[in-house]
Amino acid sequence: MTIPTIFDSHAHYDDDRFDPDREELISGLFSGPVEYIINPACDLASFQKVLQLAHTFPRFYAAVGIHPHSASEAEKDLEQTLARLATDPKVVAIGEIGLDYHYDFSPRPRQLEVFSRQLALAKQLELPAIIHSREATADVLALLDAHRPTGVVHCFSGSAETAKELLEMGYYIGFTGSVTFKNARKLVEAAAVIPDDRLLIETDAPYMAPEPYRGRRNDSSLIPAIAMRLAEIRGATPDEILRITRENALRLFSRIGAEI
Ligand SMILES: [Zn+2]
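Every letter in the sequence shown is one number past the one before it in my numbering, and letter 173, counting from 1, is 174.
See the structure below:
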C-alpha cells in the first residue's frame, strides 16, 4: 500500500474534460498516492459543482472566487455571495482570482476592480487568496501590496526577481508542469530561489500536464513528474519536495484539518 503524500494545491476537476470519468478518477487518486486536492472555482456556474465534489470526497477542498476571465459577470453582491459560501468548512480559500492581460477576456478596468474587491474580502475573512497572474505582474504586485491577504501565486510564470518581491510580501509560489517544459529557463531560475517553506506544487489539471505527458489531460497522479523536476532544480529528492509542499499547503490553507 502506498502512503498518500501528494497535496495537489490547484486542480479543476469540475472542468468538462472530466465529465466521462470524474468520480472514478478522483476516488482512484485518493486510494493511491494523493492525500489532498484543492479545486478552485472560477465562475458563478462552477461554485455548486466544486462544492458538491468537496462534500463527496473527504480530502477534497474548494476555493471560491471569480477568475479574471469571468470578471465581467461579477455582480454588486459578489462579496455577500462569496462570504456566504465561505461559511462552508470545505471552502479553504478565495480563488481563483487575479489578472490576465494575455487573453483580456474581461476589460482590464473590470478585472482590476473585481480582483481588488476579492483581495479585500480574503483579507477580511482571513482566508488565503489563490492568485492567477498572466502578463500583469506590475498590477498584481501593486494590488497585493495594497491588500495583503495571505496566499499563493499559482502556476507561477514570472522571473526570479518577481518571485523575490512576492516572497518579501509573504506569498507562497505554486509550480505546475510548466516547470518541466523545455523552454522553462526563466522559470527554472525562479524555482531555484524559493525557500523550502514557501514552495507549493500543483497540477492545474486538466491543463499543464508535465513532460513527458505534455498536451494530454492532466490529473493529480502526474504530480510526481513535477516533483522530480523541482527536486533536480533544487538539489533535493522528489520525496522531500512532496513532503515540504504538503507541509506548506497545510500551513497556508489552515482550515484543512480544523473542520473536525
Ligand atoms: Zn487554475
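Don't be surprised by glycine CBs; every beta carbon is placed ideally from N, CA and C.
Beta-ladder partner(s) of residue 101, from DSSP: 135
DSSP three-state call for residue 261: helix, strand or coil? Unreliable placement is indicated for residue 261, whose pLDDT of 49 sits below 50; no coordinate value is reported for it.
Just verifying my parser: in three-state terms, what is the DSSP assignment at residue 227? helix
Kindly indicate which three-state DSSP category residue 249 falls into: helix, strand or coil? helix
One question on the structure: do residue 71 and residue 45 come within less than 9 angstroms of each other, judged by their Cβ atoms? yes
In the DSSP assignment, find the beta strand (DSSP E) that holds residue 35 and state where it starts and stops. 35-41
If we count the other Cβ atoms within 10 Å of its Cβ and call it buried at 16 or more, is residue 143 buried or exposed? exposed
Suppose you measure from the CA of residue 57 to the CA of residue 24; what does that come to, to the nearest Å? 9 angstroms
Does residue 19 come out as helix, strand or coil in the three-state DSSP assignment? Three-state result, residue 19: helix.
Does the segment 28-48 come within contact of the segment 2-14, defined as at least 3 CB pairs closer than 8 angstroms? yes
6 angstroms CB neighbourhood of residue 212 in its chain, flanking five on each side removed: 181
Rounded to a whole number of angstroms, what is the C-alpha to C-alpha distance between residue 240 and residue 203? 15 angstroms
Kindly indicate the opening and closing residues of the alpha helix (DSSP H) around residue 116. 109-126
Pull the bridge partners of residue 152 from the DSSP assignment, please. Residue 152 pairs with 130.
Could you spell out the range, first to last residue, of the alpha helix (DSSP H) harbouring residue 189? 186-194
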